[in-house]
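For what it's worth, our numbering labels the leading residue of the sequence shown as 6, then goes sequentially. The beta carbon of each residue, even a glycine, is placed where N, CA and C say it ideally should be. Owing to the predicted nature of the structure, the values given are computational and were not obtained by experimental measurement. Here's the structure, in structure tokens; my notes come after.
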Amino acid sequence: MITADTETLEVFYAHTISPIFIAIIVSISVSLFVGLFASWRIALVAVAFYLLIGIVVPVITSGKLKESGVKYRKEFASFNAYFLDSIKGVRDIVINNAGEQRKAEVNRRSSVLLAQTKKMKHESAKASSLTELMVSTAIIVTLAVGVVLVATGNLAAYKMIVAVVAVFGSFGPVIAVSALPSNLTNTFASGDRVLDLLAERPAVTEVTNGKNIEYENLEVKDLCFSYDKNAEVLKNVRMNAEKGEIVGIVGESGCGKSTLLKLMLRFWEKGKGEIAYNGVDVDKINTSNLLDNVTMVSQSTYLFDDTIEENLRIAKADATEEEMEEACKLASVHDFITTLPDGYKTKVGVMGDNLSAGEKQRIGLARAFLKGSQLILLDEPTSNVDSINEGIILKALKEQKNKKSIILVSHRESTMAIADRVYRIDKGIITEV
Ligand SMILES: Nc1ncnc2c1ncn2[C@@H]1O[C@H](COP(=O)(O)OP(=O)(O)OP(=O)(O)O)[C@@H](O)[C@H]1O
Ligand SMILES: [Mg+2]
6 MITADTETLE
16 VFYAHTISPI
26 FIAIIVSISV
36 SLFVGLFASW
46 RIALVAVAFY
56 LLIGIVVPVI
66 TSGKLKESGV
76 KYRKEFASFN
86 AYFLDSIKGV
96 RDIVINNAGE
106 QRKAEVNRRS
116 SVLLAQTKKM
126 KHESAKASSL
136 TELMVSTAII
146 VTLAVGVVLV
156 ATGNLAAYKM
166 IVAVVAVFGS
176 FGPVIAVSAL
186 PSNLTNTFAS
196 GDRVLDLLAE
206 RPAVTEVTNG
216 KNIEYENLEV
226 KDLCFSYDKN
236 AEVLKNVRMN
246 AEKGEIVGIV
256 GESGCGKSTL
266 LKLMLRFWEK
276 GKGEIAYNGV
286 DVDKINTSNL
296 LDNVTMVSQS
306 TYLFDDTIEE
316 NLRIAKADAT
326 EEEMEEACKL
336 ASVHDFITTL
346 PDGYKTKVGV
356 MGDNLSAGEK
366 QRIGLARAFL
376 KGSQLILLDE
386 PTSNVDSINE
396 GIILKALKEQ
406 KNKKSIILVS
416 HRESTMAIAD
426 RVYRIDKGII
436 TEV
């Protein structure tokens with residue numbers, strides 16, 4: 006949308022305004038010339054056809070053209086989205102043996118798009134043939150008027166020839182204006198989509214005129230939250246975390262554990278209640294400062310199509326090699342990285358495809374260690390890791406906790422064993438256990 010639609014808009018500004026002016030200037034000049042040099046009657050005929058071709062025809066055709074243009078854009082976007090989605094999910098399509106089914110749907114949508122394309126082309130062909138018809142009529146009428154004027158002795162033959170040739174040659178610019186609607190419909194559809202995009206409002210707006218803090222403790226009071234107005238995910242949640250402790254959160258799948266962590270990072274606007282760092286509510290802390298103080302390892306780590314080193318550096322742009330190695334040792338992934346042919350300079354492939362789920366997860370953890378935030382939120386940090394590596398990670402977490410707070414979400418008993426205190430969420434209600 007951003008590249009293709011914006012390009013269409015560029016074409017509008019660069020190639021729509023000028024043809025209109027060119028058509029006006031050329032039409033006026035030719036009419037004046039023909040009127041002054043030969044005959045005002047021929048000039049009048051020319052003006053009538055300029056208006057017909059440049060204004061009446063486009064007004065008549067634009068309605069249908071706009072309709073088919075908007076439909077075409079919609080089909081085009083929906084086809085693209087479906088196709089891209091299929092490519093991204095190709096592995097799951099294969100696993101479920103749903104290839105034929107998906108292909109049939111791609112073909113069906115492709116046919117719909119083709120039909121819509123044909124319809125649009127048909128409309129624009131009808132519009133341009135109407136223009137051509139008008140131009141031919143104009144030529145015949147001008148010539149007829151000229152011949153009559155010469156035959157009745159009102160105009161010299163050579164003047165008639167000059168005038169008629171001048172009129173014949175002057176339709177180019179009005180034809181260009183007449184063709185504008187077929188380009189414009191696409192442009193308006195693109196414009197609408199870009200405006201819609203610009204009108205999107207983020208779920209939360211960044212805080213920039215708030216306070217800066219240096220994390221000491223977290224206190225959540227009477228926190229309520231729901232994604233949509235109906236079902237409340239969290240009800241009157243109360244919890245706290247101090248420096249030097251590991252706080253565990255357990256609960257059934259879907260009970261709102263990840264949601265709670267996301268609220269601590271202010272990914273969503275909370276409902277009622279308070280999430281206070283050092284007594285300052287999260288809504289009053291500058292977002293950038295908040296993200297320096299708090300970091301999260303989410304349930305799925307995204308790796309960019311780049312080297313391991315660059316993937317680590319998003320946590321700390323100016324990290325030295327020693328710092329990166331240190332973080333990777335804590336996350337129990339350093340030994341693995343050194344076995345790779347290019348070590349830290351190894352490319353991880355698109356979406357981290359060359360790494361196993363556990364390796365990706367440990368790189369996500371290494372990012373959190375490298376970031377050096379005072380509060381670390383860990384959402385199932387060891388779910389894909391074997392018990393030996395988990396042991397190493399948990400030991401590292403324990404060593405880190407003196408200086409930091411760690412909030413740990415996990416289903417595993419072995420992971421929870423390192424927590425100093427554990428909260429359980431059940432149907433949105435939290436209790437310390
Ligand atoms: N962006 C969202 N929009 C609407 N509902 C959501 C959204 N994200 C999560 N939910 C819903 O909110 C509830 C809590 O989800 P959440 O991810 O916090 O669960 P969880 O406790 O982390 O589960 P799990 O242990 O499976 O990771 C679920 O019912 C989920 O379907
Ligand atoms: Mg979760």
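Identified DSSP bridge partners for residue i
{"i": "GLU224", "result": "ASN245 and ALA281"}
{"i": "SER410", "result": "LEU380"}
{"i": "LEU239", "result": "PHE230"}
{"i": "ASP286", "result": "ALA281"}
{"i": "GLY256", "result": "ILE430"}
{"i": "THR436", "result": "ARG429"}
{"i": "ILE251", "result": "ILE411"}
Sub-8 angstroms separation of residue i and residue j beta-carbons
{"i": "ILE430", "j": "CYS229", "result": "no"}
{"i": "ASN191", "j": "ASN283", "result": "no"}
{"i": "TYR428", "j": "GLU437", "result": "yes"}
{"i": "LEU399", "j": "LEU266", "result": "no"}
{"i": "ASP288", "j": "VAL212", "result": "yes"}
{"i": "LYS403", "j": "GLN379", "result": "no"}
{"i": "ALA332", "j": "PHE374", "result": "yes"}
{"i": "ASN241", "j": "GLU224", "result": "no"}
{"i": "SER116", "j": "LEU70", "result": "no"}
{"i": "ALA28", "j": "VAL182", "result": "yes"}
{"i": "MET301", "j": "ASP384", "result": "yes"}
{"i": "PHE42", "j": "ALA168", "result": "yes"}
{"i": "PRO207", "j": "THR66", "result": "no"}
{"i": "LYS226", "j": "GLY278", "result": "yes"}
{"i": "ARG5", "j": "ASP10", "result": "Limits of the chain in this structure are 6 at one end and 438 at the other, which puts residue 5 out of reach."}
{"i": "GLY151", "j": "MET165", "result": "yes"}
{"i": "LEU118", "j": "ILE251", "result": "no"}
Closest Cα partner of residue i within the set the options
{"i": "ILE313", "options": "SER187, ILE290, GLY354 and ASN101", "result": "GLY354"}
{"i": "ARG114", "options": "ARG198, SER305, ILE22 and TYR77", "result": "TYR77"}
{"i": "SER188", "options": "GLU247, GLU205 and GLY68", "result": "The amino acid occupying residue 188 in the given sequence is Asn; Ser does not appear at that position. Checked all of GLU247, GLU205 and GLY68; the closest Cα to ASN188 is GLY68."}
{"i": "LYS365", "options": "GLY377, SER337 and LYS376", "result": "SER337"}
{"i": "ASN389", "options": "LYS408, ASN407, SER415 and LYS376", "result": "SER415"}
{"i": "ILE254", "options": "LEU135, MET421 and GLY396", "result": "MET421"}
{"i": "ALA401", "options": "ASP384, GLU385 and ILE423", "result": "ILE423"}
{"i": "ILE30", "options": "GLU12, SER44, TYR55 and ALA9", "result": "TYR55"}
{"i": "ILE60", "options": "VAL75, VAL179, ASN102 and ALA208", "result": "VAL179"}
{"i": "ILE144", "options": "VAL52, ALA371, ILE25 and PRO24", "result": "VAL52"}
{"i": "ASN159", "options": "SER263, VAL172, VAL99 and ARG46", "result": "ARG46"}
{"i": "ALA194", "options": "ALA82, ASP391, THR351 and GLY215", "result": "ALA82"}
{"i": "GLU326", "options": "ASN298, TYR349, ASP340 and GLY276", "result": "TYR349"}
{"i": "ILE397", "options": "ALA161, LEU360, ALA149 and HIS339", "result": "HIS339"}
{"i": "TYR87", "options": "ALA281, VAL140, VAL111 and THR292", "result": "VAL111"}
{"i": "ALA120", "options": "PHE341, VAL50 and PHE84", "result": "PHE84"}
heavy atom of ligand 2 below 7 angstroms from residue i C-beta
{"i": "SER263", "result": "yes"}
{"i": "ASP384", "result": "yes"}
Residue i at chain E interface by Cβ criterion, 8 angstroms
{"i": "LYS277", "result": "Although the question refers to chain E, the structure presented lacks it and comprises just one protein chain."}
Any non-hydrogen atom of ligand 3 within 7 angstroms of residue i CB
{"i": "GLN304", "result": "No copy of ligand 3 appears in this structure; the ligands present are ligand 1 and ligand 2."}
Heavy atom of ligand 1 within 7 angstroms of residue i beta-carbon
{"i": "GLY256", "result": "yes"}
{"i": "CYS260", "result": "yes"}
{"i": "TYR232", "result": "yes"}
{"i": "VAL242", "result": "no"}
{"i": "VAL238", "result": "yes"}
Please list the segments of the beta strand (DSSP E) lying wholly inside the stretch 28 to 76, counting only runs of 3 or more residues, in order along the chain.
Within the stretch 28 to 76, there are no complete beta strand (DSSP E) runs of at least 3 residues.
Can you list, in chain order, the stretches of the beta strand (DSSP E) that have 3 or more residues and sit fully within the stretch 351 to 375?
If you keep only unbroken beta strand (DSSP E) runs of at least 3 residues inside the stretch 351 to 375, you get nothing at all.
Ordered list of beta strand (DSSP E) runs contained in the stretch 289 to 333, each at least 3 residues
Runs found: 299 to 302.
Continuous alpha helix (DSSP H) assignments of at least 4 residues falling wholly in the stretch 147 to 225:
Those alpha helix (DSSP H) runs which fall completely within the stretch 147 to 225 and span 4+ residues are 162 to 173, 177 to 183 and 185 to 204.
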